[in-house]
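For the protein sequence lines, the chains are A and B, in the order given.
Just so we're aligned, residue 0 is where the first sequence starts under numbering that gives the first Met the number 0, counting upward by one.
Just so we're aligned, residue 0 is where the second sequence starts under numbering that gives the first Met the number 0, counting upward by one.
The C-beta atom is built at its ideal place from N, Cα and C for all residues, glycine as well.
Given the structure is predicted, the values throughout are model-derived calculations rather than measurements.
Remarks on the structure that follows.
2 protein chains.
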Amino acid sequence: MKKDAKISNAVIKRLPRYRRYLRELQKKGVDKISSREFSRLIGYTASQIRQDLNSFGGFGQQGYGYNVDGLYNEISAILGLDKHYKMVVVGVGNLGRAIANYTSYYKTGFIIDTIFEVSPAIIGNSINGVEVRDYDHIVEYVEENDIDIGIICTPKEVAQEVADKLCFAGVRGIWNFAPVDLEVPDYVALENVHISDSLHALAYHMNKQSKEQGKKDK
Amino acid sequence: MKKDAKISNAVIKRLPRYRRYLRELQKKGVDKISSREFSRLIGYTASQIRQDLNSFGGFGQQGYGYNVDGLYNEISAILGLDKHYKMVVVGVGNLGRAIANYTSYYKTGFIIDTIFEVSPAIIGNSINGVEVRDYDHIVEYVEENDIDIGIICTPKEVAQEVADKLCFAGVRGIWNFAPVDLEVPDYVALENVHISDSLHALAYHMNKQSKEQGKKDK
Chain A
0 MKKDAKISNA VIKRLPRYRR YLRELQKKGV DKISSREFSR LIGYTASQIR
50 QDLNSFGGFG QQGYGYNVDG LYNEISAILG LDKHYKMVVV GVGNLGRAIA
100 NYTSYYKTGF IIDTIFEVSP AIIGNSINGV EVRDYDHIVE YVEENDIDIG
150 IICTPKEVAQ EVADKLCFAG VRGIWNFAPV DLEVPDYVAL ENVHISDSLH
200 ALAYHMNKQS KEQGKKDK
Chain B
0 MKKDAKISNA VIKRLPRYRR YLRELQKKGV DKISSREFSR LIGYTASQIR
50 QDLNSFGGFG QQGYGYNVDG LYNEISAILG LDKHYKMVVV GVGNLGRAIA
100 NYTSYYKTGF IIDTIFEVSP AIIGNSINGV EVRDYDHIVE YVEENDIDIG
150 IICTPKEVAQ EVADKLCFAG VRGIWNFAPV DLEVPDYVAL ENVHISDSLH
200 ALAYHMNKQS KEQGKKDK
């Protein structure tokens with residue numbers, strides 16, 4: 000891998016998808032794949048695939064294709080999935096619960112260390128084996144336990160305050176599910192999951208497809 | 000709007016974000032905004048904004064800026080958010096519950112009509128005022144009630160089968176939360192929400208930022 004190669008954000012967004020498909024191939028015992036076969040599987044063009052994978056060095060061999068294990072491991076390393084991350088979830092609504100349970104499926108080193116909540120009725124319980132703690136102690140806890148990532152599942156009204164506390168306490172990444180764009184210092188990474196954006200894009204594609212269908216029907 | 004203008008997928012993905020920020024401006028009583036001010040707010044460059052909004056006709060006036068209400072309404076119409084959509088949720092785990100509750104916040108015409116589940120213990124209950132029905136009756140129900148969108152919140156092992164039934168019964172869109180890529184007919188729109196992809200992208204950015212921080216510290 001070219002160590003300091005600048006990889007575009009669009010490619011970064013595709014890497015997890017490449018990785019998922021490579022994992023499926025591994026499970027099926029496939030050890031090499033051509034960019035053409037990979038294209039059929041993943042739905043990007045073969046030239047897109049070659050361009051993407053070349054952007055960080057390329058792992059293909061002419062006339063051989065890609066080595067599935069090698070490419071999987073390299074993409075995992077590029078994404079930083081060869082490391083472990085300690086995470087805290089803030090907010091125990093349905094979404095917080097879903098995340099707390101969902102992430103247990105990840106076998107990729109993302110560990111939910113604890114969960115913070117303001118409601119006295121929930122503090123002290125455990126979810127998926129993880130203790131729910133009092134939000135009042137979030138700063139000390141995150142500092143003392145070297146937490147890497149804060150996951151914000153609170154109402155949007157308090158999300159910025161939660162982000163401020165998490166950043167102050169030293170997290171390096173914020174994974175935000177509150178429907179609001181947060182401001183964080185430059186040295187903290189931020190991923191916003193605006194679930195409704197995806198629904199709105201779906202609506203667009205549905206209407207576009209109806210129009211195209213309408214044209215064909217004429 | 001240029002009626003048949005082809006809008007790139009990248010622009011479509013940004014439109015919901017433009018729309019969210021315009022809504023915030025509306026709430027604050029702002030009625031016009033320059034691309035420069037809008038750029039500061041939303042975090043895209045002013046030229047990106049002009050290019051995006053020009054791609055479907057442009058709503059700015061030289062020396063005046065964008066009309067907030069006009070642009071908001073036009074983007075809503077392009078996305079198809081001036082219509083109503085009847086949706087069903089399939090699968091009542093934490094994620095299904097979160098979606099069933101979360102979408103109630105949308106004031107954009109996405110209505111959860113019903114929820115399907117296989118577990119007898121849950122069938123007949125209601126979540127957020129919506130009845131949970133027996134998955135065995137999904138095809139008839141979707142057909143008879145003109146459901147537009149199926150939301151898949153099942154384990155990944157059954158997600159394709161659920162998608163097949165939904166498409167057979169006539170939905171026009173699938174919003175998929177199961178961690179698997181689905182195959183659907185060309186005339187059905189599909190949006191996959193791979194939540195873990197976003198976490199993996201976060202890990203990448205965290206590691207990149209640590210490296211850059213490391214360089215600065217030297």
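- In this structure, the beta-carbon distance from A/P15 to B/D196 falls below 8 angstroms.
- Distance between A/L198 and B/L40, taken at the CA atoms: about 23 angstroms.
- Residue pairing by DSSP places A/K85 opposite A/I110 in a beta bridge.
- In the three-state reduction of the DSSP assignment, A/Y65 falls in the strand class, which pools E and B.
- A/L189 sits in a strand when the DSSP states are folded into three classes.
- For A/E130, the uninterrupted beta strand (DSSP E) segment begins and ends at V129 to D133.
- Residue environment for B/Y186: exposed (fewer than 16 other C-beta atoms within 10 angstroms of its C-beta).
- Per DSSP, reduced to three states, the secondary structure at B/I151 is strand.
- Around the CB of A/T44, fewer than 16 other CB atoms lie within 10 Å, so the residue is classed as exposed.
- A/I110 sits close to A/Y84, with the two beta carbons spaced by under 8 angstroms.
- Comparing alpha carbon positions, the residue from B/N8, B/I77, B/I48 and B/I74 closest to B/G64 is B/I48.
- In the three-state reduction of the DSSP assignment, A/S125 falls in the strand class.
- For A/G172, the enclosing beta strand (DSSP E) covers residues G172 to N175.
- Within its own chain, the residues whose Cβ lies closer than 6 angstroms to the Cβ of A/S75, once the five positions on either side in sequence are excluded, are D81, listed in chain order.
- Secondary structure note for A/G95: its alpha helix (DSSP H) is the uninterrupted segment N93 to Y101.
- At least one CB atom of chain B sits nearer than 8 angstroms to the CB of A/G79.
- With 16 or more other CB atoms across the displayed protein chains lying within 10 angstroms of its CB, A/F176 is buried.
- Cβ proximity to chain B below 8 angstroms picks out nothing from the segment 149–170 of chain A.
- Within 9 angstroms of the CB of B/Q208, the CB atoms of chain A belong to R171, G172, D185, Y186, V187 and A188, in sequence order along the chain.
- The secondary-structure analysis by DSSP pairs A/K31 across a beta bridge with A/N66.
- Proximity of A/A97 to chain B, defined by a Cβ-Cβ separation below 8 angstroms, is satisfied.
- Comparing C-alpha distances from B/G169 to each of B/V183, B/A158 and B/E156 shows the shortest one belongs to B/V183.
- Judged by pairs of C-beta atoms under 8 angstroms, the segment 128–146 of chain B touches the segment 83–100 of chain B, as three or more such pairs exist.
- 8 angstroms or more divides the Cβ of B/I11 from the Cβ of A/L201.
- Leaving aside the five residues that flank B/Q159 on each side, the residues in its chain whose CB is nearer than 8 angstroms to its CB run, in chain order, V179, L181 and E182.
- When the five nearest sequence neighbours on each side are left out, the beta carbons in the same chain lying within less than 6 angstroms of the beta carbon of A/D30 are those of V67, in order along the chain.
- Interface criterion met: the Cβ of A/S197 is under 8 angstroms from a Cβ in chain B.
- A/G79 counts as buried, since no fewer than 16 other beta carbons sit within 10 angstroms of its beta carbon.
- Interface criterion not met: the Cβ of B/I110 is under 8 angstroms from no Cβ in chain A.
- Contact check for A/K164 against A/I137 passes: the beta carbons are separated by less than 8 angstroms.
- Exclusion of the five residues before and after A/V117 leaves Y134 as the residues of its chain whose Cβ lies within less than 7 angstroms of its Cβ.
- Flagged as an interface residue toward chain A: B/K12, by a C-beta distance shorter than 8 angstroms.
- Residue contact check for A/N66 against chain B: no CB pair falls below 8 angstroms.
- Neighbours of B/V192 in chain A, taken as residues at a C-beta separation under 7 angstroms, are given in chain order as I194 and S197.
- One thing to note: A/V141 has its Cβ no nearer than 8 angstroms to the Cβ of A/I151.
- In the three-state reduction of the DSSP assignment, B/E142 falls in the helix class.
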